[in-house]
Structures are given as C-alpha cells and as structure tokens.
Amino acid sequence: MKYKIIKIQEEIDGKLSEVTNTKEVLDLKVAYLGKKGSVSELTNMLSKLDIEEKKEYGALINNLKQDINQKIEVTIEKLAESEINKKIEKETIDTTLPASNIGVGGTHPITKTIDEVEELFVSMGYDVVEGPEVELDLYNFEKLNLPKGHPARDAQDSFYITDEVLLRTQTSPVQARTMEANLEKGPIRMICPGKTYRRDDDDATHSHQFHQIEGLVIDKDISLADLKGTLEVFAKKVFGEGRKIRFRPGFFPFTEPSIEVDVSCFKCGGEGCSLCKNIGWIEILGAGMVHPNVLINCGYDPDKYQGFAFGMGPERIAMLKYGINDIRNFYINDLRFLNMFNRINGGDDNETK
Ligand code: PHE
Numbered sequence: 010m011k012y013k014i015i016k017i018q019e020e021i022d023g024k025l026s027e028v029t030n031t032k033e034v035l036d037l038k039v040a041y042l043g044k045k046g047s048v049s050e051l052t053n054m055l056s057k058l059d060i061e062e063k064k065e066y067g068a069l070i071n072n073l074k075q076d077i078n079q080k081i082e083v084t085i086e087k088l089a090e091s092e093i094n095k096k097i098e099k100e101t102i103d104t105t106l107p108a109s110n111i112g113v114g115g116t117h118p119i120t121k122t123i124d125e126v127e128e129l130f131v132s133m134g135y136d137v138v139e140g141p142e143v144e145l146d147l148y149n150f151e152k153l154n155l156p157k158g159h160p161a162r163d164a165q166d167s168f169y170i171t172d173e174v175l176l177r178t179q180t181s182p183v184q185a186r187t188m189e190a191n192l193e194k195g196p197i198r199m200i201c202p203g204k205t206y207r208r209d210d211d212d213a214t215h216s217h218q219f220h221q222i223e224g225l226v227i228d229k230d231i232s233l234a235d236l237k238g239t240l241e242v243f244a245k246k247v248f249g250e251g252r253k254i255r256f257r258p259g260f261f262p263f264t265e266p267s268i269e270v271d272v273s274c275f276k277c278g279g280e281g282c283s284l285c286k287n288i289g290w291i292e293i294l295g296a297g298m299v300h301p302n303v304l305i306n307c308g309y310d311p312d313k314y315q316g317f318a319f320g321m322g323p324e325r326i327a328m329l330k331y332g333i334n335d336i337r338n339f340y341i342n343d344l345r346f347l348n349m350f351n352r353i354n355g356g357d358d359n360e361t362k
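Everything in the sequence shown is counted per our numbering, starting at 10 for the first residue and increasing by one.
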C-alpha cells in the first residue's frame with residue numbers, strides 16, 4: 010500500500026513537470042482524483058484493511074490528495090503566467106526595425122508650372138482669376154474680334170455644345186469677362202490659368218484638352234515696352250537668368266500688333282543646338298496689344314485705355330524645361346513619369362537652371 014502511494018506521488022510529480030497547457034493538467038486531475046481515479050482506487054482499498062492500517066494509510070492518502078491538489082493549482086498558475094508572457098513577447102514592437110516606405114503624392118508637372126508662373130505674376134501685383142470652361146461663343150470668339158465666319162476660327166477647331174455654347178478653345182474669353190467685370194474699377198492686372206479644349210487628334214505634340222495661362226493688363230499709357238519688360242522678367246524666372254527674349258510679328262484677331270515671343274535657347278545659350286533646331290531661339294508664347302475692337306466690345310474707350318495680353322501653354326513650357334518629348338505623358342498618369350517630379354519619392358526635380 011505504502012509503495013503504491015509513493016509510486017502515485019512520483020508519477021504525478023513527473024507528469025506535472027511535463028504538462029504544456031491547462032487542459033493537460035485538468036485531465037491529470039480527473040485521472041488521479043476523479044471518481045475512478047488512481048487515488049480514489051486507493052481509498053476504496055482501505056475498506057479491506059484493519060483499523061490501525063486504515064488510520065495510517067487513510068492519513069497518507071489524505072496527504073497525497075492535498076499534495077496533488079496543491080501541485081495542480083500551482084502548475085495551473087505557472088502555466089497561465091507563461092502563456093501571458095508568451096503573448097506579450099509576441100506583441101512586442103521592435104522599434105529598431107526600418108520603417109516601411111509610405112508612398113507620398115507629389116505635384117503634377119503641369120500644376121507645378123502653373124504654380125511657378127502664378128507665384129511670379131502675383132509677386133508683380135497680378136490677380137489670379139478663373140473663367141468658365143463651358144463658354145459662350147460670344148466670349149470665346151465674338152467679343153475677341155472673331156465674328157461668325159471669321160477664317161481664324163478654323164485654326165481653333167472647337168467642341169460645340171449648341172450653336173452658341175462650346176468648350177473654350179483658349180483662356181482669352183476670360184480677358185473679355187474680366188474687362189467687363191472691372192469696368193470703371195481702375196486698372197486690371199490678371200492672369201488666368203485653366204483648361205482649354207480643341208478638336209485635335211492626340212499625338213506627341215497635340216492634345217484635345219490642354220492648359221493655357223492668359224495674362225491681361227489694362228491701364229492708361231500702356232505700351233509694347235511694358236509687355237516686353239514683363240515678359241523678360243517671366244523668361245528669366247522660368248527659363249533662367251541671362252535669358253533674352255525677342256518679338257516676331259504674329260497674328261491674333263484680338264491683339265494689334267500681335268507678336269510671337271521667343272526666348273534665347275536655355276540649352277545652348279543661343280549658339281544653336283538640337284533643342285532650338287539651330288536657331289538659338291525657342292517660341293514660348295503669343296501676345297500683343299489688346300485690339301481696339303476688343304476694348305470697345307467690352308465697354309472701354311480705346312483712346313483712354315490700352316492694354317497688353319499674352320497667352321502661354323504650360324504643357325509646352327514644361328516640355329521644354331524638363332525635356333519631355335510627348336505631351337501625352339502628362340495625361341496617362343504613369344507613376345514612373347510623375348515621380349520624377351516628386352523629390353520625396355526619390356525623384357529629381359530636374360529643373361533647368
Ligand atoms: N489665345 C491665343 C491662342 O490660343 C494666345 C494669345 C493670348 C495671343 C493672348 C495673344 C494674346 O493661341
């Protein structure tokens with residue numbers, strides 16, 4: 010009997026030291042202390058013993074029961090603690106691990122170009138204004154000295170919505186709208202960036218939707234010299250110090266005289282290279298003195314007021330500046346292209362200085 014008690018004691022000690030979870034411990038409890046467990050079997054055997062032996066072994070068996078119960082409790086506590094520790098260990102944050110790369114958006118090259126031009130003109134006291142993209146024929150053409158049937162309308166093949174409404178083919182209608190809105194309110198100095206639309210087939214240099222930045226100054230005693238001075242500042246800011254500009258005669262129905270403006274080549278400095286096609290000059294925008302008919306159409310007396318206007322394409326400026334040879338790159342949202350303009354993602358600003 011004694012031997013059996015000692016054996017059970019050893020057995021349970023060995024088994025408890027090997028358990029890995031609470032369920033195993035509870036199973037052991039049933040196997041030893043349960044109704045049909047080994048300890049209960051011992052108790053049943055007591056009935057066959059005499060009174061002295063009953064006393065002796067009864068006490069031993071009770072001790073054994075208590076001992077097993079206590080050990081089971083301790084083991085369960087230990088297991089719970091180690092389970093918590095394991096969980097905590099798993100959830101630890103390793104602050105020394107390198108951070109994952111979070112993608113950050115950047116400014117689109119066209120927006121960047123517009124921002125740069127805006128910033129410059131705002132610093133010279135210009136307002137930035139907007140006009141509707143769905144425009145009246147009246148403002149897109151008629152008030153700008155392009156009456157119905159005027160041959161110059163053909164050069165701006167238009168998306169008409171009705172006979173009188175179209176998607177604006179240029180930002181110049183905002184000239185007329187701004188003049189009308191500021192009648193009798195003193196001088197005007199504004200630029201207007203925005204989207205424009207023409208029925209062109211898309212290719213490397215054409216897009217049915219593109220951008221323009223319009224400029225307009227109306228005041229007394231404004232001359233071509235003011236226009237030239239202004240555009241010189243613009244060319245130096247956008248294409249680099251040391252740039253020169255030149256005026257060539259041009260034609261726009263809403264300006265007289267009309268001029269095409271060239272900037273000295275910023276790649277070769279004017280000596281001739283592939284970018285300027287060996288001319289030394291690159292055409293960047295159209296401009297001129299506001300035509301007297303336009304002033305009259307918008308309510309101004311051309312004997313009192315004069316003005317100059319210019320219109321440029323941010324796509325063309327960005328293409329020249331960043332060496333991009335297909336205008337479609339701006340619209341297809343290829344991140345490899347766009348990220349080149351985004352310093353944060355490792356791209357280079359690549360500005361021509
Ligand atoms: N609107 C003209 C164009 O689209 C550009 C321009 C604007 C020319 C203002 C002169 C003055 O070609």
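A virtual CB, placed ideally from N, CA and C, is assigned to each residue, including glycine.
Item	Value
Rounded C-alpha distance that separates G356 from K152	Here G356 scores only 40 on pLDDT, less than 50, and its place in the model should not be relied on; the value that follows carries that caveat. Their Cα atoms are separated by approximately 45 angstroms.
Boundaries (first-last residue) of the alpha helix (DSSP H) holding M188	182-190
Pairwise C-alpha distance: G320 and L284	22 angstroms
Length of the line joining the Cα atoms of P408 and E100	This structure gives no information on residue 408, because the portion of the chain shown stretches from 10 to 362.
According to DSSP, residues forming a beta bridge with P258	I268
Span of the alpha helix (DSSP H), counted from its first residue to its last, around F130	118-132
heavy atom of the ligand PHE below 8 angstroms from G224 C-beta	yes
Limits of the beta strand (DSSP E) - the one that I200 falls within	197-206
Q184 beta carbon near the ligand PHE (any heavy atom closer than 8 angstroms)	yes
Three-state secondary structure assigned by DSSP to V226	strand
Exposed unless 16 or more other CB atoms sit within 10 angstroms - verdict on D358	Reliability of the predicted coordinates at D358 is poor, the pLDDT of 44 falling under 50, and no value is obtained from them.
Cβ-based burial, E360 [other Cβ within 10 Å; buried from 16]	Since pLDDT at E360 reaches only 41, below the 50 mark, its modelled position is unreliable, and the value read off the structure follows with that caveat. It counts as exposed.
With 16 other Cβ atoms within 10 Å as the buried cut-off, status of G371	The shown model of the chain, from 10 to 362, leaves out residue 371, and the question about it has no answer.
Cα-Cα separation between V143 and L236, rounded to whole angstroms	29 angstroms
Bounding residues of the alpha helix (DSSP H) (the contiguous stretch that carries G238)	233-248
Proximity to E55 [Cα-Cα], best of G46, Y66, E223, G308	Checking the displayed sequence, the identity of residue 55 turns out to be Leu instead of Glu. The shortest C-alpha separation from L55 is found at Y66.
Through-space distance from Y331 to M349, alpha-carbon basis	10 angstroms
Identified DSSP bridge partners for D136	M199
Cβ separation of Y309 and M188, assumed to be a contact under 8 angstroms, to the nearest whole Å	6 angstroms
Pair within 9 angstroms by beta-carbon distance, L294 and E269	yes
G355 - DSSP class collapsed to helix/strand/coil	Per-residue confidence for G355 stands at a pLDDT of 42, beneath the threshold of 50, marking its modelled position as unreliable; the derived number appears in the next sentence. Of the three classes helix, strand and coil, the one that applies to G355 here is coil, per DSSP.
Chain-order list of residues whose beta-carbon lies under 7 angstroms from that of D163 (same chain, five-residue window excluded)	none
Extent of the continuous beta strand (DSSP E) to which V143 belongs	143-145
Bridge-paired residues (DSSP) for H220	K204
Sequence-distant residues of the same chain with beta carbon closer than 7 angstroms to Q165, five excluded per side	T178, Q179, R207
Strand pairing of G297, partner residues [DSSP]	S267, A318
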